[in-house]
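Notes follow once the structure below has been shown.
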Amino acid sequence: MLEIIFEDAQYVAINKPNGLLVHRTRIAEEKKEFALQILRDQLGIKLHPLHRLDRGTSGVLLFGKSPEATAPVVKAFAERQPDKTYFAIVRGYAPEEGTIDNPIRPDKDHQHKEAQDAITHFSRLATVELPIPVGRYQTARYSLVKIKPETGRMHQIRKHFAHLRHYIIGDKKHGDWRHNLMFLGTLGSPSMLLHAASLKFEHPFTRETVEIKAQLPENTRRLCEQFGWQNILAAQEALPQPIPSVTSSSL
């Protein structure tokens, strides 16, 4: 079962695990399970994804329970209204803060499309230097960063941090394979370390501000504790525990 972290009469949100696709796609036709399908079966109702997360990204994923609930939130995402916060572990000592304003160029399958404007804000929360040789260096440096994307292009955060050469650990497509391999073999970390920690938006029906937060995956939390970052994480806003599912019959 998927972890439900928010639910009301119009919407439901889960803490998506790493490695799970949001819905069926031709680029991963071999996959048999998708968040949309699993949650639909779990709740017994039809659902509509309101935004996307990459397969390797964990965290807040929001669905609408009807076309009427879906349309205004999809429009809000298109107009860049929701406030999104991510956490990531990246290679090297990232700058203390910054804004990446660099157009996202299409992948090979969409080379006919023009580059799209893309803006990502970030701040560095913590650093660590490990006595583990990677490549030609005898030690390896990493940063914990807090990320607030202003736009929502495909692979935007991953491509932007690759542009800075502060690759997200575990990113097989845009990352650094040497550091990915070290995290897998030495630290036992197989997943991409990018997490959608919170999503804030105006509820179209109640006009209240809704803020949904998702716990870090156990693997990421373990690494943060191993790197001595637990107090840094505790200083961030407290993350709620999972809530019981609200069935459609009780609404």
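Residues 418 to 668 (my numbering) are what the sequence shown spells out, left to right. No residue lacks a Cβ here, since even glycine has one placed at the ideal position from N, Cα and C.
* Coarse secondary structure for residue 371, derived from DSSP in three states -> The chain is shown from 418 up to 668; residue 371 falls before or after that span and cannot be answered.
* Would you mind working out which of 645, 614 and 486 sits nearest residue 432, comparing C-alpha positions? => 614
* Tell me which same chain residues have a C-beta within less than 6 Å of the C-beta of residue 543, skipping the five on either side of it? -> 561, 646 and 649
* Integer-rounded CB distance, given that residue 596 should sit under 8 Å from residue 584 -> Contact between residue 584 and residue 596 holds: their C-beta atoms lie close to 7 Å from each other, under 8 Å.
* To do: Report back the beta-carbon spacing between residue 534 and residue 556 to the nearest angstrom; my notes put them in contact at under 8 Å.
  => In fact, because the Cβ distance is near 37 Å, the residues do not count as touching under 8 Å.
* Could you give the distance in angstroms between the alpha-carbon of residue 599 and the alpha-carbon of residue 622? -> 48 Å
* 8 Å CB neighbourhood of residue 629 in its chain, flanking five on each side removed -> 422, 423, 430, 477, 479, 615, 616 and 617
* Expected contact under 8 Å - CB spacing of residue 468 and residue 484 to nearest Å -> Actually they are not in contact, since the Cβ atoms of residue 468 and residue 484 sit about 16 Å apart, beyond 8 Å.
* According to DSSP, is residue 412 helix, strand or coil? -> There is simply no residue 412 to check, as the chain begins at 418 and stops at 668 in what is shown.
* Cβ pair residue 612, residue 539 closer than 8 Å -> Against a cut-off of 8 Å, the Cβ pair of residue 539 and residue 612 comes out as no contact.
* According to the neighbour-count rule (16 or more other Cβ atoms, all chains shown, within 10 Å of its Cβ), is residue 481 buried or exposed? -> buried
* Quick one: residues in its chain with C-beta nearer than 6 Å to the C-beta of residue 517, no 5 flanking neighbours on either side, listed in chain order? => 537 and 577
* Asked: Which stretch, first to last residue, makes up the alpha helix (DSSP H) that contains residue 651?
  -> Taken as a continuous stretch (DSSP letters only), the alpha helix (DSSP H) holding residue 651 covers 647-652.
* Quick one: which unbroken alpha helix (DSSP H) runs of 4-plus residues sit fully inside the segment 539-599? Chain order, please. => Runs of the alpha helix (DSSP H) inside the segment 539-599: 573-580.
* Which residues mark the beginning and the end of the beta strand (DSSP E) in which residue 508 is found? -> 500-508
* Terminal residues of the continuous beta strand (DSSP E) containing residue 518? -> Taken as a continuous stretch (DSSP letters only), the beta strand (DSSP E) holding residue 518 covers 514-518.
* Asked: How about residue 610 and residue 586: do their beta carbons lie closer than 8 Å?
  -> yes
* **Bridge partner(s) assigned by DSSP for residue 626** => Its beta-bridge partners are 619.
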